[in-house]
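A.B. asks:
There are 2 protein chains.
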Amino acid sequence: MKRIQMAHGGGGRLMQQLLREHVAAVFGEPVMHHDGAVLVGAMADGELVMTTDASVVTPLFFPGGDLGKLAVYGAVNDLAVTGARPVALSLALVLEEGLPLETLDRLLASVKAAADEVGVSVVTGDTKVVERGGCDRIYAATTGIGRRLPGVRIDARRVREGDRVLLSGDIGRHGVAVLSAREGLSFGGAVESDCAPLWGPALDLLTAVPSAPFLRDCTRGGVAAVLHELARAAGVSVSVEEASVPVSEPVRGACAILGLDPMSLACEGRFLAVVPPAHVDAALAALSEHSQCPGAAVVGTIGAADPGGAVWLTTAFGQERPLDYPSGEHLPRIC
Amino acid sequence: MKRIQMAHGGGGRLMQQLLREHVAAVFGEPVMHHDGAVLVGAMADGELVMTTDASVVTPLFFPGGDLGKLAVYGAVNDLAVTGARPVALSLALVLEEGLPLETLDRLLASVKAAADEVGVSVVTGDTKVVERGGCDRIYAATTGIGRRLPGVRIDARRVREGDRVLLSGDIGRHGVAVLSAREGLSFGGAVESDCAPLWGPALDLLTAVPSAPFLRDCTRGGVAAVLHELARAAGVSVSVEEASVPVSEPVRGACAILGLDPMSLACEGRFLAVVPPAHVDAALAALSEHSQCPGAAVVGTIGAADPGGAVWLTTAFGQERPLDYPSGEHLPRIC
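From first to last, the protein sequence lines stand for chains Z and V.
Quick note on our numbering: the first sequence kicks off at 1 and runs consecutively.
Quick note on our numbering: the second sequence kicks off at 1001 and runs consecutively.
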């Protein structure tokens, strides 16, 4: 089996061979060049959005996805929730000496397939190699640039009392999928990660409801973290009905066994949106067109001004309690 | 001493605290946000250039620089050699559990100072934490976007027989500085890394000689790797006079002792340029204004068409021999 050697990162002949045979073979010539990619005419008009994402997930491959997909969707979805159409991606890799080249090839093919799915290109890259033990097989950093849709302005401060809170699909799948793959657990049927590109649903939602004031993908910290960031940034309270939050049966079961809260589990293909009440039906109709939005639902309401940004959960038993800000202790290296 | 904990990467309260107190404190609010940064009006005209760089240098601090400076200059210099003015940077970090927060703070301050020096902002970021042993303290990936100067077209295929090859300053300092810091060696006086931003010199050179067909910063693999890439991409032979290549005495001494060739040692603040013979004086005059261009000199000449792209070195003794493409085996994790 061919493996990564230190010289693959040394700037010499072996590095050129690695880039030519394994990177340029997938993405084309420009990506192997050390200097930047020129995007002729890409920015004829519109505002530019830039976002970046480091990917350190373990295991590298899990039900429903892998590190390569996460690296692409992570950047694409950050662009999508600012209302920006992805224009180009960069890919920086840190490889561990001894990494099987077959593993690298599988992940690069996955990056390429994910980028193609969104219609965006990886235009430039960098590859470094560290000694055995210097990293855990492979880490990636993707940066995305995009052009914002005209007229769209995603800004938590624009939410108003009475606006409704939507989730684009059922939550918690990515966290459970990675955890079960890592620990060799199975919860009455495989739970697949929800990892998926969100530009399509975001575009359709923002086309149907251009006045939507807030969109955010629910990754580390899950829906709970997004709700707290929204409440704090907007200076409002937010109320969520637990019973209306879409959670699949296998995810619910896994969470019950493991003592996890689906609300703080990472998703990699779901967003939370705030829309004015008059536009809820249009928003749900826009999402219903997309396979990555199963069970999209209204889950809560923006409350009165509250500088502290409280988040309230109405339980299935009708009791109202504060929803904790996740501590961030469980599930490291989830993305 | 405060140290990085796994929960600093978990998406919850501790991560928000880390971002607020250590990242946003340095770069301002926008960088801590998960979604992208909107660059209003940044791209009113001109072509966009995008480049990315992973930084894994060890030690983190070395004479003349540190990982933070390298991360910024790496991206800025890749933009500079395409003739693009830096517009914005992103910063993705992978932190090892147990990293002293003081070390993180020093490196972030260094990133900020380096970016300020170039007049560019870090506009977005991402921070991941891996378990102890999952990386070596800290790795960074920076992506830069820039706007290309109108009329400039850097393309190896535009070099012509008789064009002259310039180096912007003395070579080999970064490689020797990092190696001596790593091994605790000293070579008759400290050798400092040449790491420096190259946008200023590149701008002045391209303003003085807009027809310059080729510019490339000499990083991993050093000047030798750049010469080979140039010769191959242009389909020409290139001849270099060893005696005219600027190398400082301490670097020369260190290379003699260690059996290293300065031509294949990494620089982090030097570029190679090709200019038509009539413009050599204008090019050297432009570089002479800049402190990061000590000893800029003409070192060679573009030869006849040669699909194999041979690189010839005329030694101090007047003999001509092929210059090897560096193997990339020595000096891992140099940048």
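Think of the CB as a built atom: it goes at the ideal place given N, C-alpha and C, for glycine as much as any other residue.
Whether or not the segment 1167-1185 of chain V and the segment 1095-1114 of chain V are in contact is what I'm after, with contact meaning three or more pairs of Cβ atoms, one per stretch, closer than 8 Å; do they touch?
C.D. replies: No, because fewer than three Cβ pairs between the segment 1095-1114 of chain V and the segment 1167-1185 of chain V fall closer than 8 Å, the two stretches do not touch.
A.B. asks: Just the chain V side, please: which residues come within less than 8 Å of residue 90(Z) by C-beta, in chain order?
C.D. replies: Within chain V, the residues near residue 90(Z) are 1050, 1051, 1052, 1143.
A.B. asks: Check each candidate in 1175(V), 1199(V), 1020(V), 1126(V) and name the one with the smallest Cα separation from residue 1146(V).
C.D. replies: Closest option to residue 1146(V), Cα to Cα, is 1199(V).
A.B. asks: Excluding five sequence neighbours on each side, which residues of the same chain lie with their C-beta closer than 7 Å to the C-beta of residue 303(Z)?
C.D. replies: Once the five neighbours on either side are set aside, the close Cβ partners of residue 303(Z) are 161, 236, 237, 238, 239.
A.B. asks: For the segment 1255-1271 of chain V against the segment 1192-1211 of chain V, do three or more pairs of beta-carbon atoms, one drawn from each stretch, fall closer than 8 Å, so that the two count as touching?
C.D. replies: Short answer: they touch.
A.B. asks: If you scan the segment 1292-1326 of chain V from start to end, which runs of the beta strand (DSSP E) of 3 or more residues do you find wholly inside it?
C.D. replies: Fully enclosed beta strand (DSSP E) runs of 3 or longer: 1297-1305, 1311-1314, 1320-1322.
A.B. asks: Since residue 73(Z) meets chain V, which of its residues come closer than 9 Å, beta carbon to beta carbon?
C.D. replies: By Cβ distance, chain V contributes nothing, its closest Cβ being about 14 Å from residue 73(Z), past 9 Å.
A.B. asks: To which residues of the same chain is residue 1296(V) closer than 8 Å at the C-beta, ignoring the five residues directly before and after it?
C.D. replies: Excluding sequence neighbours, residue 1296(V) sits near 1166, 1167, 1168, 1169, 1246, 1284, 1287, 1288.
A.B. asks: Of the residues 149(Z), 254(Z), 154(Z), 241(Z), which one's Cα is nearest the Cα of residue 177(Z)?
C.D. replies: For the residues 149(Z), 254(Z), 154(Z), 241(Z), the minimum Cα distance to residue 177(Z) belongs to 254(Z).
A.B. asks: Give the residues of chain V in contact with residue 225(Z), contact being defined as C-beta atoms less than 7 Å apart.
C.D. replies: Under the 7 Å cutoff, chain V gives 1011, 1012.
A.B. asks: Thinking C-alpha only, which one of 1205(V), 1316(V), 1281(V) is nearest residue 1243(V)?
C.D. replies: Measuring from the Cα of residue 1243(V), the nearest candidate turns out to be 1316(V).
A.B. asks: Ends of the alpha helix (DSSP H) at residue 1208(V)?
C.D. replies: Per DSSP, residue 1208(V) belongs to the alpha helix (DSSP H) from 1199-1208.
A.B. asks: Among 1130(V), 1073(V), 1222(V), which one has its Cα closest to the Cα of residue 1091(V)?
C.D. replies: Comparing Cα positions, the closest option is 1073(V).
A.B. asks: Compute the Euclidean distance between the alpha carbons of residue 93(Z) and residue 321(Z), then round it to the nearest angstrom.
C.D. replies: Straight-line Cα distance between these residues: approximately 44 Å.
A.B. asks: Any idea if residue 128(Z) is buried or exposed, counting beta-carbon neighbours within 10 angstroms, 16 or more meaning buried?
C.D. replies: Label assigned to residue 128(Z): buried.
A.B. asks: For the segment 238-267 of chain Z, list every residue whose C-beta sits within 9 Å of some C-beta in chain V, in sequence order.
C.D. replies: Within the segment 238-267 of chain Z, the qualifying residues are 264, 266.
A.B. asks: Using 9 Å as the limit for Cβ to Cβ distance, is residue 235(Z) near chain V?
C.D. replies: Chain V, which has no Cβ nearer than 9 Å to the Cβ of residue 235(Z), makes this no.
A.B. asks: Give me the Cβ distance between residue 126(Z) and residue 1231(V), rounded to the nearest whole Å; I'm assuming they're in contact under 8 Å.
C.D. replies: Between residue 1231(V) and residue 126(Z) the Cβ distance is about 22 Å, and since that is not below 8 Å, they are no contact.
A.B. asks: Just mark residue 67(Z) as buried or exposed, buried being the case when its beta carbon has 16 or more other beta carbons within 10 Å.
C.D. replies: With 16 or more Cβ atoms within 10 Å of its Cβ, residue 67(Z) is classed as buried.
A.B. asks: Are there 16 or more other CB atoms within 10 angstroms of the CB of residue 1020(V), so buried, or fewer, so exposed?
C.D. replies: Burial call: exposed.
A.B. asks: With 9 Å set as the bound, which would you pick, yes or no: does the beta-carbon of residue 1321(V) sit closer than that to a beta-carbon of chain Z?
C.D. replies: Taking Cβ atoms only, chain Z never reaches closer than 9 Å to residue 1321(V), which makes this a no.
A.B. asks: Look at residue 217(Z) and residue 77(Z) and say whether their C-beta atoms are less than 9 Å apart.
C.D. replies: Yes, they are a contact pair.
A.B. asks: Since residue 1206(V) contacts residue 1149(V) with CB under 8 Å, what's their CB separation in whole angstroms?
C.D. replies: Indeed, because the Cβ distance is near 6 Å, the residues count as touching under 8 Å.
A.B. asks: Residue 220(Z) and residue 335(Z) - do their beta-carbons sit closer together than 9 Å?
C.D. replies: Contact flag set, yes.
A.B. asks: Would you give the residue range spanned by the beta strand (DSSP E) that residue 1069(V) belongs to?
C.D. replies: Where residue 1069(V) is concerned, there is no enclosing beta strand (DSSP E), although the alpha helix (DSSP H) it sits in stretches over 1067-1080.
A.B. asks: Which of the three DSSP states is assigned to residue 1335(V) in this structure?
C.D. replies: DSSP places residue 1335(V) in coil when its eight states are reduced to three.
A.B. asks: According to DSSP, is residue 1019(V) part of a helix, a strand, or is it coil?
C.D. replies: Helix at residue 1019(V).
A.B. asks: Taking C-alpha atoms, which residue in 107(Z), 214(Z), 69(Z) lies nearest to residue 158(Z)?
C.D. replies: That would be 214(Z), whose Cα lies nearest to the Cα of residue 158(Z).
A.B. asks: Using a 10 Å radius around the Cβ and a threshold of 16 neighbouring Cβ atoms, would you call residue 1032(V) buried or exposed?
C.D. replies: For residue 1032(V), the predicted model reports a pLDDT of 49, less than 50, meaning its position is unreliable; a value from the coordinates is still stated below. Result: buried.
A.B. asks: Between which two residues does the alpha helix (DSSP H) carrying residue 1116(V) extend?
C.D. replies: Its alpha helix (DSSP H) spans residues 1101-1118.
A.B. asks: Is residue 333(Z) close to chain V? Criterion is C-beta to C-beta, closer than 9 Å.
C.D. replies: Closer than 9 Å to some Cβ of chain V, the Cβ of residue 333(Z) qualifies, so yes.
A.B. asks: Could you tell me the boundaries of the beta strand (DSSP E) in which residue 1140(V) lies?
C.D. replies: That run of the beta strand (DSSP E) goes 1138-1148.
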